[in-house]
């Protein structure tokens, strides 16, 4: 889960494996147990046809939630990469002279 300037990682713990049955309705309700905030992404018109997001206890139509997994590594903007590459190139050329 990413804020604009601060990277925060969310971890979901489950007590055990959960057995699911096809055609049954199941709910996943993330609860924040620590200080801070939690953001969950939402996408309208999901390609997954058997899911239905719920907001406030009511179905909200077609869509899908997404969660970021793994370690989030912010990527630098292309401008900064070109600037750094140009500086290294100038440094190498100046060093040869």
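In my numbering, the protein residues as written are 1 to 97.
Using N, Cα and C, we set each Cβ at its ideal position, and we do this for glycine too.
Given the structure is predicted, the values throughout are model-derived calculations rather than measurements.
>> Using a Cβ-Cβ cutoff of less than 6 Å, which residues in the same chain neighbour residue 44 once the five nearest sequence positions on both sides are dropped?
In response: 63
>> So, at 8 Å on beta carbons, what are the nonlocal neighbours of residue 50 in its own chain, with the 5 sequence-adjacent residues on each side left out?
In response: none
>> Can you give me the C-alpha to C-alpha distance between residue 53 and residue 60, rounded to a whole angstrom?
In response: 6 Å
> What are the residues that DSSP puts in a beta bridge with residue 62?
Replying inline: The partner list for residue 62 (beta bridge, DSSP) is empty, contrary to what the question assumes.
> Taking DSSP as the reference, what is the three-state secondary structure of residue 94?
Replying inline: helix
>> Since residue 48 and residue 65 should fall inside the 8 Å C-beta cutoff, what is the C-beta to C-beta distance between them, to a whole number of angstroms?
In response: That belief does not hold up - the Cβ atoms of residue 48 and residue 65 are roughly 10 Å apart, past 8 Å.
>> I'd like to check one pair, residue 18 with residue 30: are the Cβ atoms closer than 8 Å?
In response: no
> When you compare only the Cα positions, how much space is there between residue 95 and residue 85?
Replying inline: 15 Å
> When the Cα atoms are used, what is the spatial distance from residue 20 to residue 46?
Replying inline: 21 Å
> What residue from 28, 22, 23, 24 has the CA that sits closest to residue 13's CA?
Replying inline: 28
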